[in-house]
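Chains as they are written, first to last, in this note's numbering: chain H, 2 to 79; chain Z, 2 to 79. Ideal Cβ placement from N, Cα and C applies to all residues, glycine included. What follows is a set of notes on a single structure, which appears directly below.
Structure, rendered in structure tokens:
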């Protein structure tokens, strides 16, 4: 079964670059990738925070948060 | 042709976790992944810095550096 990978972003240039480099690069046989725009879908902020996401862009894979470079603090999106 | 992705790490727990999550997760049809241990192979530090790597773990894909979470400053490896 494919593992779930969630990519959280906020539409910033750093996010878009990371999305191109990673979200589209994960092995599609292994991962089911969901892309979530936290600037537009604020209802997902809570789940992102609960998974340990502090800034975007970030991935959550197997329940762990991986921050990639630095786009924006989650606090700025509330 | 496969794109080159270089994963720089220093054997730290944060690095090992990122390697499991990402270095082994990139689509093998698209990427030729090289894993470089900068703590053991200091001769690669210069190329990593030139690509913009400031800390490990980090990927360099298409010449751009992507830092994942935070393991160690490159300066600590010199």
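Pick from 11(H), 35(H), 6(H) and 18(H) that is closest to residue 55(H), judged by C-alpha positions: 11(H)
With a threshold of 7 Å on Cβ separation, who are the neighbours of residue 24(Z) within its own chain once the five nearest residues in sequence on each side are excluded? 8, 34 and 36
Residue 68(H) versus residue 38(H): straight-line alpha-carbon distance, rounded: 15 Å
Could you confirm whether any beta carbon from chain H is found closer than 9 Å to the beta carbon of residue 6(Z)? yes
Nearest chain Z C-beta to residue 67(H) closer than 9 Å, yes or no? yes
Relative to the C-alpha of residue 77(Z), which candidate in 52(Z), 43(Z) and 64(Z) has its C-alpha closest? 43(Z)
Relative to the C-alpha of residue 3(H), which residue among 61(H), 18(H) and 29(H) is closest? 29(H)
Which ranges would you report for the beta strand (DSSP E) in the region 4-49 of chain H if only whole runs of at least 3 residues count? 4-10 and 32-38
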